[in-house]
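Down below is the structure, laid out as structure tokens.
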Amino acid sequence: MGRLQRTLSNISEEEIDNGRIGIVAGAIEYPNQPVLVGRAALRTGSDHVRTFVPDPIYEIVAGQDPNLLVDRYAGEQFEESAVERTREMSEWADALVIGPGLVDADPEAVCEAIDTIDVPMVVDALALEPSLDADLSNAVLTPSDTEVGPIRDEYGSLATFTEETGAVVTLTGDVDEIVAGGERLENETGTSAMTAAGTGDTLVGIVASLLGQGMDRHEAAELGAWILGKSGELATAERGPGVVATDVIERIPDTIR
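Following full-length UniProt numbering, the numbering of the sequence shown begins with 1 at its first residue and continues without gaps.
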């Protein structure tokens, strides 16, 4: 981890292009997930973050943070009609996120969208199961303990899954597991207060930002989990057990410094 921590100084001090992040996320039931992911990416250093959300929540997302670029697709769920626009956004982006809060998305459309993306991506939440039929050789998957079941059901273990698909996995929990090429690492940073809703979205934004800044997927997954945990420790020291995801996001720059 020391080597990766030294990378943080390069991210924060050099005047370089820190990347553009595209985010396909959100639904009527979950309008805040795109914003949490986007804010985390911006606080990790990304230069531009664009969210792609269903039309009914466009104004909600656009009104929450003036630092985010916001685009929309027709309808309430992610469907075939949004796939081409996703591909176009991936051509603009240096890394892409798909999945947080993506309720009732068409699984085939999600799978097709992932297959059209050439840049590194983070696959999360409701896109995880549909993604198992797609090419994941350029992806980091970020399941929680409650979301990892379909992967284990189909492949038996995360080690086998990463060996056969080329994916990298960050499994969040009391101790995070980072698995790549069949090899497993652990991350023990963080506090018990970080079970708050939205911390998973925060991890997604951090990892996507690191990918967009040119970091290797395995290193971005490992360092992303560490940054999230350390930011959570700082937030908990300040706020106590009432930590919320936005508290953690606001401490990301302090962790990177």
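Cβ atoms here follow ideal geometry from the backbone N, Cα and C, with glycine treated the same way.
query	result
With a threshold of 6 angstroms on Cβ separation, who are the neighbours of residue 26 within its own chain once the five nearest residues in sequence on each side are excluded?	33, 34, 53, 57 and 101
Kindly identify the DSSP beta-bridge partner or partners of residue 170.	178
Assuming the contact rule is C-beta atoms closer than 8 angstroms, residue 43 and residue 94 should be a hit. Round their C-beta distance to whole Å, please.	Actually they are not in contact, since the Cβ atoms of residue 43 and residue 94 sit about 17 angstroms apart, beyond 8 angstroms.
With a threshold of 8 angstroms between beta-carbons, can residue 99 be considered close to chain D, or not?	The displayed structure is made up of one protein chain only, and chain D is not part of it.
Between 250, 183 and 64, which lies nearest to residue 219 when the distance is taken from Cα to Cα?	183
Going straight from the alpha carbon of residue 135 to that of residue 99, what length do you get?	16 angstroms
Can you tell me the Cα-Cα spacing of residue 192 and residue 240, whole angstroms?	10 angstroms
Starting from the Cα of residue 253, find the closest Cα among 61, 40 and 110 and give me that residue.	40
May I ask you to list the residues that DSSP assigns as paired with residue 51?	23 and 70
Between which two residues does the alpha helix (DSSP H) containing residue 217 stretch?	217-239
If residue 122 sits next to residue 204, beta carbons under 8 angstroms apart, how far is it from one beta carbon to the other, in whole angstroms?	5 angstroms
Between residue 18 and residue 213, is the Cβ-Cβ spacing less than 8 angstroms?	yes
Out of curiosity, what's the CA-to-CA distance linking residue 168 and residue 48?	24 angstroms
Thinking C-alpha only, which one of 222, 257, 216 and 228 is nearest residue 119?	216
First and last residue of the beta strand (DSSP E) that includes residue 141?	139-141
Name, in chain order, the residues that DSSP records as bridge partners for residue 164.	For residue 164, which the question treats as bridged, DSSP gives no partner whatsoever.
Beta carbon of residue 106, beta carbon of residue 80: below 8 angstroms?	yes
Going straight from the alpha carbon of residue 97 to that of residue 248, what length do you get?	20 angstroms
Does residue 256 come out as helix, strand or coil in the three-state DSSP assignment?	helix
Can you name, in chain order, every residue of its own chain whose Cβ lies under 7 angstroms from the Cβ of residue 251, other than the five neighbours on each side?	231, 234 and 235
Hey, how far is the Cα of residue 55 from the Cα of residue 23?	15 angstroms
Quick one: using the 10 Å Cβ neighbour count with 16 as the cut-off for buried, is residue 209 buried or exposed?	buried
So for residue 206, helix, strand or coil by DSSP?	helix
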